[in-house]
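**Q** Structure incoming, see below.
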Ligand code: SF4
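Residue numbers (this note's numbering): 2 to 265.
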């Protein structure tokens with residue numbers, strides 16, 4: 002079985018469409034893990050992709066549903082099942098990232114197991130091997146990682162095709178396809194200031210969601226020292242100076258898409 006792990010940004014969209022037009026052999030399906038916190042343009046883009054892909058596109062979610070709701074409920078109950086890498090003050094630092102594995106990798110793996118007919122908790126037979134395609138381009142090669150599941154083998158077709166992000170953009174334009182915006186949770190602590198600025202200017206509804214979420218996480222949980230922030234300045238998002246960090250060369254900690262290996 003060949004499965005495309007679809008982050009829905011530039012790279013994995015290019016990969017999905019290259020397979021759709023026959024430039025590479027198509028996968029059996031694409032799977033998008035929905036945190037429930039993506040910007041509206043990502044959901045519109047997925048709706049469009051579904052109409053043009055000649056193979057199924059499955060949308061999956063963690064068993065606890067929306068990541069933002071799960072995070073707030075976890076803080077309330079002193080549990081941290083899928084915590085994003087929030088910035089902390091007193092002590093200053095950053096929480097370890099659990100979210101992408103729990104909200105992206107696990108739901109996709111669970112979907113593949115279901116498609117293989119393997120019951121939850123049962124061992125995947127050693128005869129089974131799944132090829133998982135990841136939309137990582139040559140300029141993001143440092144994000145290539147082997148799978149943690151012995152029965153899943155990662156493959157990076159854009160690397161094989163020597164496709165950089167720039168070449169992906171050129172390919173999309175050449176074929177007359179729309180250029181997808183960046184996919185990531187609207188309040189992802191990995192955003193650069195450029196990303197925050199663009200969101201504030203062009204997606205005010207998403208920015209308002211991020212501001213409200215940032216305020217809601219502030220006090221962390223009783224079991225946790227310090228206060229939490231989505232912006233690296235450790236100021237409330239609506240008070241943070243979004244013009245400074247990028248100019249100091251503090252770029253995005255994030256790759257182009259969050260498919261479970263973002264920020265690494
Ligand atoms: S986009 Fe950011 S917050 Fe969302 S799952 Fe990925 S790393 Fe976590």
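From the three backbone atoms N, C-alpha and C, an ideal C-beta is built for every residue, glycine too.
(1) Considering only their Cβ atoms, is the gap separating residue 238 from residue 207 smaller than 8 Å?
(2) So the beta strand (DSSP E) residue 87 belongs to, where does it begin and stop?
(3) If you check the beta carbons only, do residue 63 and residue 126 fall under 8 Å apart?
(4) Examine ligand 1 and report whether any of its heavy atoms sits within less than 7 Å of the Cβ of residue 101.
(5) In the DSSP assignment, the alpha helix (DSSP H) including residue 13 goes from what residue to what residue?
(6) So, is residue 6 buried or exposed, given that buried needs 16 or more other C-beta atoms within 10 angstroms?
(7) Out of 225, 16, 59, which one is the CA nearest neighbour of residue 168?
(8) Would you say the beta carbon of residue 112 comes nearer than 7 Å to a heavy atom of ligand 1?
(9) Rounding to the nearest angstrom, what Cα-Cα distance links residue 51 and residue 57 in this structure?
(10) Which of helix, strand or coil does DSSP assign to residue 106?
(11) I want to check one thing, is the minimum distance from the CB of residue 80 to the heavy atoms of ligand 1 below 7 Å?
(12) Leaving out five residues before and five after residue 280 in sequence, what residues of the same chain have Cβ atoms less than 8 Å from its Cβ?
(13) In three-state terms, what does DSSP make of residue 176?
(14) Alpha carbon to alpha carbon, how far is residue 13 from residue 173?
(15) Is there at least one non-hydrogen atom of ligand 1 closer than 7 Å to the beta-carbon of residue 183?
(16) Between residue 197 and residue 153, what straight-line distance do the alpha-carbon atoms span, to the nearest angstrom?
(17) What's the C-alpha gap between residue 41 and residue 33?
(18) At a cut-off of 7 Å, would you count residue 89 as near ligand 1, judging by its Cβ distance to the nearest heavy atom?
(19) Find out if the Cβ-Cβ distance for the pair residue 132, residue 98 is shorter than 8 Å.
(20) Given this structure, state the Cα-to-Cα distance separating residue 210 from residue 192, to the nearest angstrom.
(21) Helix, strand or coil for residue 69? Go by DSSP, reduced to three states.
(22) Among 49, 53, 69, 89, which has the Cα closest to the Cα of residue 275?
**A** Let me spell this out:
(1) no
(2) Residue 87 -> no beta strand (DSSP E), and no H or E assigned at all.
(3) no
(4) yes
(5) 11-21
(6) buried
(7) 16
(8) no
(9) 8 Å
(10) helix
(11) no
(12) What the structure shows of the chain is the stretch from 2 to 265, and residue 280 is not part of that stretch, so it cannot be assessed.
(13) coil
(14) 11 Å
(15) no
(16) 35 Å
(17) 15 Å
(18) no
(19) no
(20) 15 Å
(21) helix
(22) What is shown of the chain runs 2 to 265, which leaves residue 275 out entirely.
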